[in-house]
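Encoded as structure tokens, the structure appears first; notes follow it.
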Amino acid sequence: MGIAQRSLTMIANRARSLQAMFPGYFANAKHNHYRDFGFPETITFDQFHAMYARNGIACAAVEKTAGKTWQSFPFLMEGEEKDAESRAEGDIRQRFDDLRLWQKVKEADLRSMVGGYSGLILRLADSKKFNQPVDRVPGGLMGLVEVIPAWEGQLTVSQWDSDETSETYGQPLMFNFTEYAVDSDKGSTNQKNRSFELHPDRVIIWSRDGTVHNRSMLEPGFNDLMTLEKVIGAGGEGFWKNAKAAPVLETDKEIDLADMAKGMGVSAEDLHETMSDQVEDWQKGFDALLWLQGMQAKSLQVSLPIPEHFVAVALQSFAASFGIPLKILVGSQTGERASTEDANEWAQTCMSRREGQTIPNIMALVNRLEAFGILPERDWSLDWADLTEASMAEKFDLAMKMAEINAKLSPTGELAFLQEEIRARVGFEPLSPEEAFRGEPDDDEAAAALGLDPEPIEPDED
């Protein structure tokens with residue numbers, strides 16, 4: 024065999040050795056990473072819900088996203104211009120407050136992140152069952168009796184429209200609502216037991232696109248959440264085992280077990296069980312002394328690596344999958360600049376989610392209520408505080424800087440900003456001509472500003 028052929032044979036053998044050592048890193052390798060690392064290949068809603076209910080990081084991501092999106096509640100108004108509250112707007116606001124409607128809608132929004140979708144069930148005063156379609160609901164606003172948020176696991180499609188000539192082809196014809204299917208109080212006397220068939224007219228599907236064909240926001244980072252549970256669980260188990268480690272009894276080669284059993288007053292056959300009971304009583308604190316004859320008690324310690332690095336990798340990966348800054352997720356702040364940038368980015372993310380998902384779902388609810396005659400037919404819109412808007416402290420700081428720039432330019436006779444622009448920056452209305460050009464306050468106005476009674480005017484003496 025020539026030198027070249029021997030070299031090729033050696034290279035081929037090395038390649039086969041490397042492939043055997045790292046089978047998952049080479050082409051055509053039959054390697055299942057999910058199975059090797061203990062990750063589920065398919066994830067059900069029950070697993071998503073259990074992760075949300077029992078994993079602090081998963082719960083924080085969902086709760087903080089919903090909390091930021093719903094930092095304030097919207098106001099349903101007529102048209103796009105924000106004017107004084109009309110009578111219809113006031114009646115709607117009061118009825119929605121009575122039903123706690125916005126709180127229920129927020130809950131549906133939260134549940135849609137755990138599952139692929141959630142539902143908002145409408146209980147109407149139309150004297151019909153839940154499985155019947157809706158025409159017109161009498162009573163106006165009082166026709167809406169209750170709004171019920173539902174998990175994906177509670178609301179499933181029981182019948183699809185398979186008629187290709189139908190306008191609703193491929194859409195659900197009937198849902199099945201089972202309230203106790205997702206219940207933390209299973210087995211208790213407080214278990215929820217509502218269960219019924221539900222017509223699509225009586226439910227709003229809350230999801231990214233308004234259908235049931237979506238995935239949970241926890242799915243991309245589910246493996247990272249499992250990794251966190253493994254690291255945290257292994258760390259806790261390791262520390263517990265170290266703290267509660269049973270002693271290892273090492274016997275001398277010259278020991279006579281028969282004499283030891285005789286000294287303890289037991290037979291040689293019962294010596295092992297007696298020693299185990301003695302060690303157990305000593306660990307539990309029943310015996311202050313561990314009596315050993317010709318033995319040495321040693322502890323078997325488990326060497327634990329520092330878990331912070333492994334936790335940090337999984338945390339960063341999950342935060343990236345959920346679109347939430349890490350400092351916002353875990354609640355730590357490492358500097359004013361970093362925390363401010365994270366807060367601004369987080370506000371923009373939640374504002375984008377609100378515009379692209381939350382508001383379209385709310386307007387679907389409004390349109391449904393309008394079609395049923397519960398809401399009057401109007402050009403409805405939402406007035407909702409902007410999440411990216413600066414705080415009052417930031418607004419006043421900017422207004423102060425604008426005023427300082429004007430002061431520096433005053434010797435030149437020029438102004439960079441008008442008074443109206445500075446007031447608008449902090450959300451104030453422009454001054455009226457009377458307010459803008461009024462002089463110094465007189466004594467009565469000064470007293471009124473201080474909450475004092477003005478001095479009485481004495482009558483002229485004739």
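In terms of my numbering, the sequence shown opens at residue 24 and continues consecutively.
Backbone N, C-alpha and C define an ideal beta-carbon position, used for all residues, glycine too.
Give the straight-line distance between the Cα atoms of Ser109 and Arg401, rounded to the nearest whole angstrom. 12 Å
Closest by C-alpha distance to Gly244, when choosing among Leu338, Ser299, Gly176: Leu338
Around the Cβ of Pro348, are there at least 16 other Cβ atoms within 10 angstroms (buried) or fewer (exposed)? buried
Residue from Lys418, Ser150, Ser433, Glu427 with nearest C-alpha to Arg446: Lys418
Just tell me which of Gln182, Glu292, Leu164, Trp369 has its CA closest to the CA of Ala148. Leu164
Where Arg134 falls, given that 16 or more other Cβ within 10 Å makes a residue buried: buried
Is the segment 213 to 232 in contact with the segment 114 to 123, if contact means three or more CB pairs nearer than 8 Å? no
Is the segment 243 to 257 in contact with the segment 172 to 192, if contact means three or more CB pairs nearer than 8 Å? no
If I follow the unbroken alpha helix (DSSP H) through Ile428, where does it start and stop? 415 to 432
Quick check on Ile144: buried or exposed, where buried means 16 or more other Cβ atoms within 10 Å of its Cβ? buried
Given 8 Å, three or more beta-carbon pairs between the segment 396 to 416 and the segment 98 to 116: yes
Threshold first: 4 residues or longer. Then list the alpha helix (DSSP H) segments lying entirely within the segment 110 to 191, N to C. 110 to 122, 124 to 137
Neighbourhood of Ala416 by C-beta, 6 Å cutoff - its chain only, sequence neighbours within 5 removed: none
Run through DSSP, which three-state label would Ser362 get? helix
Start-end ranges of the beta strand (DSSP E) lying completely within the segment 50 to 92, minimum 3 residues: none
On a CA-only basis, which of Leu352, Ser150, Ala89 is nearest Glu130? Give me that one, please. Ala89
Where Val449 sits in the DSSP three-state scheme: coil
Check for me: the beta strand (DSSP E) holding Val226 runs from which residue to which? 226 to 229
Can you give the beta carbon distance from Val254 to Val334, rounded, assuming they're within the 8 Å contact cut? 6 Å
Between the beta-carbon of Val170 and the beta-carbon of Val137, is there less than 8 Å? no
Spatial neighbours of Ile66 within its chain, please: C-beta separation below 7 Å, excluding the five flanking residues on both sides. Glu242, Phe245
Near Pro223, which residues of its chain fall below 6 Å by C-beta distance, leaving aside the five closest residues on each side in sequence? Pro195
Closest residue to Asp232 among Asn55, Asp132, Ala343 (Cα-Cα distance): Asp132
C-alpha distance - Asn78 paired with Gly256, whole-angstrom precision: 12 Å
Nonlocal neighbours in the same chain, by C-beta distance under 7 Å from Phe96, ignoring five residues either side: Trp125
Could you give the first and the last residue of the continuous beta strand (DSSP E) run that contains Met240? Counting along the chain, Met240 falls outside any beta strand (DSSP E), and DSSP gives it neither H nor E.
Comparing the C-beta of Ala83 with each C-beta of chain D, is any distance below 8 Å? No chain D appears in the structure shown, which is made up of a single protein chain.
Find out if the Cβ-Cβ distance for the pair Arg58, Ile227 is shorter than 8 Å. no
Closest by CA to Asn199, which one among Glu187, Thr191, Trp183, Ser189? Trp183
Using the C-alpha atoms, what's the distance from Ala413 back to Ala426? 18 Å
Tell me where the alpha helix (DSSP H) around Asn390 begins and ends. 382 to 394
On the three-state DSSP scale, how would you describe Glu491? There is no way to answer for residue 491, as the model of the chain reaches only from 24 to 485.
Sort Asp106, Pro63, Ile397, Val336 by Cα distance to Leu251 and report the nearest one. Val336
Below 8 Å on the Cβ atoms is my guess for Val235 versus Gly354; work out the distance and round it to an integer in Å. That belief does not hold up - the Cβ atoms of Val235 and Gly354 are roughly 34 Å apart, past 8 Å.
What is the C-beta distance between Leu410 and Ala83, in whole angstroms, given that I count them as a contact (C-beta under 8 Å)? At roughly 19 Å, the Cβ-Cβ gap does not stay under 8 Å, so Leu410 and Ala83 are not in contact.
Thr201 - partner residues in DSSP beta bridges: Ser218
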